[in-house]
Amino acid sequence: MRQSLLFTKTSKETPKDEQSKNAQLLLRGGYIYKEMAGVYGFLPLGLRIINKIIQVIREEMNELGAQEIVLPSLQAKETWEPTNQWDDKAVDIWFKTKLKNETELGLAFTHEAAMTKLMKSFVQSYRDLPKFIYQFQTKFRNETRAKSGIMRTREFVMKDMYSFSRTNEEHVALYEKAKEAYVKIFDRLGLGDITFLTFASGGVFSNYSHEFQTVCETGEDTIYVCEEKKIAINQEVYSPEVLKELRLNQNELVEKKSVEVGNIFNLSTRFSDALDLTYLNEVGDKQKVIMGSYGIGPARVMGTIVETMTDEKGIVWPEAIAPFKIHLLSLGDNNEVTSKTEELYQSLLKSNIEVLFDDRRGVSNGEKLNDADLIGCSWRVVVSEKSLTAGGCELKARSKENGEIIGFSELLTKLS
RNA sequence: CGGGGUGUCGUAUACCGGUAGUACGCAUGCUUUGGGAGCAUGUCGACUGGGUUCAAUUCCCAGCACCCCGACCA
Numbered sequence: 148m149r150q151s152l153l154f155t156k157t158s159k160e161t162p163k164d165e166q167s168k169n170a171q172l173l174l175r176g177g178y179i180y181k182e183m184a185g186v187y188g189f190l191p192l193g194l195r196i197i198n199k200i201i202q203v204i205r206e207e208m209n210e211l212g213a214q215e216i217v218l219p220s221l222q223a224k225e226t227w228e229p230t231n232q233w234d235d236k237a238v239d240i241w242f243k244t245k246l247k248n249e250t251e252l253g254l255a256f257t258h259e260a261a262m263t264k265l266m267k268s269f270v271q272s273y274r275d276l277p278k279f280i281y282q283f284q285t286k287f288r289n290e291t292r293a294k295s296g297i298m299r300t301r302e303f304v305m306k307d308m309y310s311f312s313r314t315n316e317e318h319v320a321l322y323e324k325a326k327e328a329y330v331k332i333f334d335r336l337g338l339g340d341i342t343f344l345t346f347a348s349g350g351v352f353s354n355y356s357h358e359f360q361t362v363c364e365t366g367e368d369t370i371y372v373c374e375e376k377k378i379a380i381n382q383e384v385y386s387p388e389v390l391k392e393l394r395l396n397q398n399e400l401v402e403k404k405s406v407e408v409g410n411i412f413n414l415s416t417r418f419s420d421a422l423d424l425t426y427l428n429e430v431g432d433k434q435k436v437i438m439g440s441y442g443i444g445p446a447r448v449m450g451t452i453v454e455t456m457t458d459e460k461g462i463v464w465p466e467a468i469a470p471f472k473i474h475l476l477s478l479g480d481n482n483e484v485t486s487k488t489e490e491l492y493q494s495l496l497k498s499n500i501e502v503l504f505d506d507r508r509g510v511s512n513g514e515k516l517n518d519a520d521l522i523g524c525s526w527r528v529v530v531s532e533k534s535l536t537a538g539g540c541e542l543k544a545r546s547k548e549n550g551e552i553i554g555f556s557e558l559l560t561k562l563s
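Taking the numbering used here, the leading residue of the first sequence gets 148, the next gets one more, and so forth.
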């Protein structure tokens, strides 16, 4: 993409109404747009990031055999009444509205009940199970306090998946498979080294739920990490009994602040009881469906990456989700440089390499270089009089201090 | 929802009970080009509503918005 065509601009100034690093850098880079507290839009660069995160998650969910759907955000009161979730005293984060004829509606803050109701239409027999169903859908939550930029917002897209099983054994098997998929997802997103499977409170149906917590100074949660076993315990369940049960010693654990980037838990029959989701088994007996829930918020993942992967110049995206693999810069107002860079840009496009081409005229070299650091694509390729004299272009990893001169064709080979 | 803080051009800020200043941005022209260039000219502003006062952007009150801490987080 040509940067001259990008409608967004970067900003040198740090916005004064944002304290969090993720919001400051993402706003400065033109990744996001703030509508109001806890409500952000995603601009071309930011949308590319979100879509890449979504695609990684989608691939791993599909690998599980899960099926993607989209349920509506507008929800009927009747869907929520059986679980007592419509009551404002039970749920205080509702955004509710009305039809012209006064019929009450709600904007979904989660989709367990809606998903259960959906499955009632299709699940009758043991032959219809097990199933994994998921979606990427906007959730609306009337948070009393939005905070930390895009980390905790009132409107956000969530990947929520639900499993539907016949027996507890089957449920556990699916749950374990999903857990493994989550590990793969965070590895692929570049967060694997600092993300820990964390034992957290499990509610009434199981001892624990499992959170994926990314170690991060600005996180809301406190966890106790065992680096060696690659697991952690959330402070909310941390106790001598839990340590004993998990066969962990207090002295092998380190206290850390962290962000919950993923969460999986056992719903058991809470929703199938309330909404009567049942199936007939092999001998014709009516059985309750056992459910599990598996969530990831792509925007929170994006914010967590910004919080944990920056230097004083800007963002350093992991290559898997960088908005572009290469940021191509043409330095100096020189005809030969301009035409050579243009040539290189065309070759990169032909080789299907994602490239953001800073082809802007009349913009100083300093500004281009600083923009490249702020935006944070994985590789910076600079073409200038200097680089041409030296034999090509300069290739520099965003994460490295210095680059190297490399010939054009060599560059194409190296980055393909 | 409780507590604290802040509201000044598009952005970041300064000053002030009596004609609101700077920088960046933006526009035009010339010069410039390996780390947010230089000169010139131009453009753009006191959250809303009350009160005090001869006079309020400034002081007081309320509302609203935003940030932070706590509570909450299906």
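Glycine included, every Cβ here is placed at the ideal spot set by N, Cα and C.
For residue i, which three-state DSSP category applies?
i	result
E215	strand
F154	coil
M438	strand
I522	helix
E483	helix
T250	coil
D234	coil
K433	strand
S556	helix
A261	helix
K306	strand
T425	strand
E160	coil
D506	coil
L338	coil
S498	coil
V406	strand
N398	helix
E551	strand
V270	coil
T244	strand
Got a sec, what are the start and stop residues for the beta strand (DSSP E) residue i sits in?
i	result
G193	From DSSP, G193 is part of no beta strand (DSSP E) but of the alpha helix (DSSP H) over P191 to E210.
E388	Per DSSP, E388 belongs to no beta strand (DSSP E); it is in the alpha helix (DSSP H), P387 to E392.
Q564	Absent from the model: residue 564. The displayed extent of the chain is 148 to 563, so no value can be given.
Q360	Y355 to V362
Y329	It is not in any beta strand (DSSP E) - Y329 instead sits in the alpha helix (DSSP H) that spans N315 to R335.
A347	T342 to S348
M148	Looking at the DSSP string, M148 is not in any beta strand (DSSP E), and its letter there is neither H nor E.
M298	Premise fails: M298 is in no beta strand (DSSP E) and is neither H nor E.
E541	C540 to A544
T285	K278 to F287
A379	I378 to N381
Within a Cβ cutoff of 8 Å, which residues of the same chain sit near residue i, ignoring the five residues on either side of it in sequence?
i	result
D420	K435
S295	S167, N169, A170, T365, E367 and G450
V93	Residue numbering for the chain in the displayed model covers 148 to 563; residue 93 lies beyond these limits and cannot be assessed.
K561	L542 and I553
R508	S151 and D480
M208	E215, F279, Y281, K306, M308 and A328
W526	K472, I473, H474, L542, K543, A544, R545 and L562
Are residue i and residue j closer than 7 Å when you measure CB to CB?
i	j	result
K515	L559	no
I240	N289	yes
P286	M305	Reading off the sequence, residue 286 comes out as Lys, not Pro. The answer is yes: Cβ separation under 7 Å.
D518	T263	no
G177	T161	no
Y309	S440	yes
E454	C540	no
I437	K403	no
L344	V203	no
Y281	A213	yes
F418	E259	yes
Got a sec? Which residues, its chain only, sit under 6 Å from residue i by beta carbon, not counting five neighbours each side?
i	result
N512	L478
Y329	F359 and G409
Could you spell out the range, first to last residue, of the alpha helix (DSSP H) harbouring residue i?
i	result
D420	R417 to L422
T369	Looking at the DSSP string, T369 is not in any alpha helix (DSSP H); the run it does join, the beta strand (DSSP E), is D368 to C373.
K533	E532 to A537
Using a Cβ-Cβ cut-off of 7 Å (strictly less than) and excluding sequence neighbours within five positions of residue i, which residues of its own chain qualify?
i	result
V529	L476, L478, C540 and E541
S534	C540, E541 and I552
E429	Y273
Mind listing, in chain order, the continuous beta strand (DSSP E) runs of no fewer than 3 residues lying wholly within the segment 164 to 194? 179 to 183 and 186 to 189
Within the segment 445 to 482, ranges of the alpha helix (DSSP H) (whole runs, at least 4 residues): 445 to 455
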